[in-house]
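Remarks on the structure that follows.
Residue numbers (my numbering): 62 to 490.
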C-alpha cells in the first residue's frame, strides 16, 4: 500500500515537473573542455539526471543485498530452526504430560538443538528417561541442562531432586536441594520441595530447623507452620525417647523446641510422658507444678497425678491446695484420689474418687475406684464399678462410630492405657 502511494506521488510529481519545464524552455550546456560542449534541453537533462540517479540507487541496493545475502540466509535458516525447535518442544511437553514417554523423548531431543529451548528440552528428556528407567540418560541430560542457559542450574537441580524423590531417594534429593538453597535461600519452590524430602526421609531435626524459613518466606501460613512444628517436634521427641535408658537425648530434643512452643500442652504432655517412661519423677513434677501455676489446664493436672515424684505426701498436699478454688473439678478429684492411693490413704482416696465419679463419671475413675474397693475386700461394689466403667466405654465407642473421624491421636490412647492402672498405683493389702 505504501509503495503504491509512493508510486502515485512520484508520477504526479513527474507530470507536474514536466508541465512546469514546458513553461520555461531552454537549454543546459555542459562544457567538457575548451573545445567540446554539450547542449541539451532542460527537460531532457533533468530526465537523464533522474534516470542516472535511479540506476545508481538500484545498483547500490543490489550490491548491498548481494553482500548481505549470506547473513540474510543464515538468519532465515536460524529462524526456521528456532521455529522447529519451539514446535518440537511444545509437542514434546504435550506428549510428556500425557505419559507418552518415548514419543516425548524423541520430540524433545530435537528441542535441545536450539539454545533457546535447550534447557527445557534437556529437563523434559530427563523426566522421560526417568520414566523409561534410563537413569544414565536422565543424569546426562540434567548435567547438560545446568549449563544450557544462565541460571538454568537452579531449574535443573530442582527437577533432578524431584526425579530422585520419584525414584524413592529422598535423602539424595534433600542433599541436592540443600546445595541449591545455599545459592537461592529465598526460593519458595526449593523450600517446599526440601520440606517434603525431610518428611519422606523422616529427618525431623532438619525439618525443625527449616520451619522458620518456611514461615518467613510464606511457604506456609502461620497456622500451617504451627501444625507442622507440632507434628515435627512430636516425632523429634519420640525418636529421642527411644535413644537410650537415660533422658539426655530427650532433654536435648526438648531444647530444640522453641521457647514459645514449650507452652503447647500437647508437646509438654508428650515430653512428660516420655520422662515418666524413662523413670523420671521429680523433674516432671516440678515442670507440671510450675506450668499449672502459670495457667490451669485439666490435661496437665491429670498428668500430675501420674507422676511419681518420690515424695508422695508433699505432692498430695500441693494438689489439695488447688481444691480450694476448684472443689468440683472431676480431673483434679481423680488426681487427688490417685495421689492418696500412692500415700496409702484408702479412705481419702475413696472419697476423692467417688466425688469425681459423681461430678463426671469416667471409665478411668471407675477402674481406679474398682481396684481400690477390690483391694479393701468390697468385691461386689468393685464389680459394679468395673461394669459401669465398661458401659461408659462401650457407649463412647458407639458414639465415635457414628461420628466420622479421620484419625485419633496415638498419644491420647497411650495416656489412657497408662492411666488405667499402672502397677505403682495399686494400694498395698
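Glycine is no exception: its CB is placed at the ideal position from the N, C-alpha and C atoms. A quick note: this is a predicted structure, and the numbers were derived from the prediction, not measured.
Query	Result
Alpha carbon of residue 65 to alpha carbon of residue 129, nearest angstrom	27 Å
DSSP-derived helix/strand/coil call for residue 246	coil
Assigned exposure category for residue 468 - 16 Cβ within 10 Å defines buried	In this prediction, residue 468 has a pLDDT of 45, which is less than 50 and means its spatial position is unreliable; what the coordinates show is noted afterwards. Burial call: exposed.
Validate contact between the stretch 357-366 and the stretch 325-344 using beta carbons, cut 8 Å, 3 pairs	yes
Beta-carbon proximity of residue 366 to residue 398, cut-off 9 Å	yes
Three-state class that DSSP yields for residue 68 in the structure shown	helix
Nearest neighbour of residue 316, chosen from 232, 334 and 297 [CA to CA]	297
DSSP three-state assignment for residue 102, whether helix, strand or coil	strand
Euclidean distance between Cα positions of residue 44 and residue 426	Residue 44 is absent from the model: the chain starts at 62 and stops at 490.
Own chain, CB closer than 7 Å to residue 121, minus 5 neighbours either side, in chain order	none
Of the listed residues 337, 278 and 281, nearest to residue 302 (C-alpha basis)	337
For residue 144, the three-state DSSP class (helix, strand or coil)	helix
Classification of residue 428 by the beta-carbon crowding that lies within 10 angstroms, buried from 16 upward	buried
Spatial distance of residue 206 from residue 339 (CA atoms)	53 Å
Assigned secondary structure, residue 8 (DSSP; H/G/I helix, E/B strand, else coil)	Nothing about residue 8 can be read from this structure; the chain reaches only from 62 to 490.
Residue from 455, 171, 311 and 126 with nearest C-alpha to residue 147	171
Touching by the beta-carbon criterion (3+ pairs, under 8 Å), the stretch 407-420 and the stretch 381-396	yes
Residue 164 beta carbon less than 9 Å from that of residue 153	yes
Segment limits, alpha helix (DSSP H) that includes residue 290	283-302
Rounded straight-line distance, which links the Cα of residue 406 to that of residue 374	10 Å
6 Å CB neighbourhood of residue 232 in its chain, flanking five on each side removed	262
Residue range of the alpha helix (DSSP H) that includes residue 322	Element bounds for residue 322: n/a, residue is neither H nor E.
Closest by C-alpha distance to residue 369, when choosing among 318, 176, 438 and 350	350
Residue 210 in three-state terms, based on DSSP	coil
Residue from 309, 410 and 293 whose Cα sits closest to the Cα of residue 268	293
Beta carbon of residue 235 nearer than 9 Å to that of residue 255	yes
Residue 318 (DSSP reduced to helix, strand or coil)	coil
Between the CA atoms of residue 308 and residue 157 - distance to the nearest angstrom	52 Å
Buried or exposed (CB count within 10 angstroms, at least 16 for buried), residue 273	exposed
Distance between residue 460 and residue 466 (C-alpha atoms, nearest Å)	Caution applies to residue 466, whose pLDDT of 43 falls short of 50 and renders its modelled position unreliable; the value that the coordinates give is listed next. Those two C-alpha atoms are separated by around 11 Å.
Terminal residues of the alpha helix (DSSP H) in which residue 424 lies	424-436
Residue 413 burial status per 10 Å Cβ neighbour count (16 or more: buried)	buried
Three-state secondary structure (DSSP) of residue 30	There is simply no residue 30 to check, as the chain begins at 62 and stops at 490 in what is shown.
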